[in-house]
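First residue of the sequence shown? That's 1 in the numbering used here, and the numbers climb one at a time after it. By construction, the Cβ of each residue, glycine as well, lies at the ideal position given by its N, Cα and C atoms. Bear in mind that the values here come from a model prediction, so they are computed numbers and not experimental data.
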Amino acid sequence: MPEEVNGKTPRRKENSITAQLRGIWRRISLEAVGAVVYGGVDRRLELSDAIEHALKHKVPRHVNWTYCFGGITFFLFLVLAATGILLTLYYRPSSSDAYESVKYIMNDVRFGWLIRSIHHWAANLMAFTVLAHMVRVYFHGAYKHPRELNWIAGVFLLALTLAFGFTGYLLPWDQKAYWGTTVGTRMPAAMPFIGDFMKLFLRGGDEVTGRTLSRFYSLHVVILPMVTTFFLAAHFAMIRRQGISKPM
Ligand code: HEM
1 MPEEVNGKTP
11 RRKENSITAQ
21 LRGIWRRISL
31 EAVGAVVYGG
41 VDRRLELSDA
51 IEHALKHKVP
61 RHVNWTYCFG
71 GITFFLFLVL
81 AATGILLTLY
91 YRPSSSDAYE
101 SVKYIMNDVR
111 FGWLIRSIHH
121 WAANLMAFTV
131 LAHMVRVYFH
141 GAYKHPRELN
151 WIAGVFLLAL
161 TLAFGFTGYL
171 LPWDQKAYWG
181 TTVGTRMPAA
191 MPFIGDFMKL
201 FLRGGDEVTG
211 RTLSRFYSLH
221 VVILPMVTTF
231 FLAAHFAMIR
241 RQGISKPM
């Protein structure tokens, strides 16, 4: 047995020093690799100036916590995109497989229940934060000149958020989803002139069937994300150009 020094054996001391040295070396080498790679990219694209400009951009003094709802909504959108992509790895959008594939995600896929639950809760939270954001913009009068166009872009974003919820509701293909969508797609039929066409267009036939499921899936994972990305880019470009408004 080695002799004890300060209550510890030299062997253990040596181990901890080696571990520390190894940690330091790993950090140095990671930083060196980072510096070489980043330096090379930066010399060519001059990213540092742009990044520094964005990071040093001062938040106006009047901005308080109510201004966070827009950013939180965007963060939730990113969470939904990430968890949604993971769900598509196992979800099967056909009338024969959809229900079983959701059961499989919940019971057999490792952390599948967690990913689906985060997707579910982020969707609910986003509906709340987008409304809170809209209320904040309204009460600060931020929809007025010169931000009218951004308010209109916002109205589209609100409609898109609700459309995400409506199309996603059918995807588990259980009783609640089926009957919820049956009622939901019957509502547009009440519109004058175009009502029947809208119902037929949404359902892909007279009833809610596998064809409706395919349509809603395509809307939920391809069409709506693309359109939303376009409106978000326009929304943020206008905010950058016009700056954040002061309360009325
Ligand atoms: C997916 C939904 C949305 C996202 C991610 C989003 C994001 C943002 C962010 C990050 C800001 C800047 C910070 C802030 O004011 O909170 C902002 C500003 C703004 N948003 Fe939205 N927004 C969304 C929906 C809406 C809706 C539904 C409306 C209104 C109908 C709207 C109207 C505006 C306006 C007018 C501004 C400028 C506010 C100002 O200058 O004070 N947005 N949005």
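Taking the alpha-carbon positions, what's the residue i to residue j distance?
| i | j | result |
| --- | --- | --- |
| I244 | P60 | 8 Å |
| S16 | V33 | 26 Å |
| M238 | E100 | 44 Å |
| G195 | R203 | 12 Å |
| L76 | A122 | 6 Å |
| A233 | Q242 | 14 Å |
| K199 | D49 | 52 Å |
| V221 | G112 | 18 Å |
| H57 | D108 | 47 Å |
| V37 | H133 | 40 Å |
| A127 | L162 | 7 Å |
| I264 | G40 | One cannot answer for residue 264 here, as it falls past the ends of the chain, which runs 1 to 248. |
| H235 | G165 | 21 Å |
| I223 | L80 | 15 Å |
| M187 | R43 | 58 Å |
| N124 | L78 | 14 Å |
| W25 | M226 | 44 Å |
| Y143 | L30 | 48 Å |
Using a Cβ-based criterion (distance less than 8 Å to any ligand heavy atom), does residue i qualify as near the ligand HEM?
| i | result |
| --- | --- |
| G168 | no |
| F111 | no |
| I239 | yes |
| A153 | yes |
| Y217 | no |
| H133 | yes |
| Q242 | yes |
| A142 | yes |
| N150 | yes |
| R61 | no |
| Y67 | yes |
| S94 | no |
| M126 | yes |
| H235 | yes |
| V137 | yes |
Pick helix, strand or coil for residue i, following the three-state DSSP scheme.
| i | result |
| --- | --- |
| N124 | helix |
| E207 | coil |
| D97 | coil |
| V135 | helix |
| W113 | helix |
| E46 | coil |
| Y143 | coil |
| G168 | helix |
| M106 | helix |
| N64 | coil |
| L76 | helix |
| K56 | coil |
| W151 | helix |
| R92 | coil |
| F193 | coil |
| S245 | coil |
| W173 | coil |
Do residue j and residue i have their beta-carbon atoms positioned less than 9 Å apart in this structure?
| i | j | result |
| --- | --- | --- |
| T228 | L160 | yes |
| F69 | R147 | no |
| L86 | V130 | no |
| P247 | H145 | no |
| P192 | V102 | no |
| I118 | T83 | yes |
| G168 | S96 | no |
| S94 | S218 | no |
| F201 | L170 | no |
| T182 | V208 | yes |
| A153 | F74 | no |
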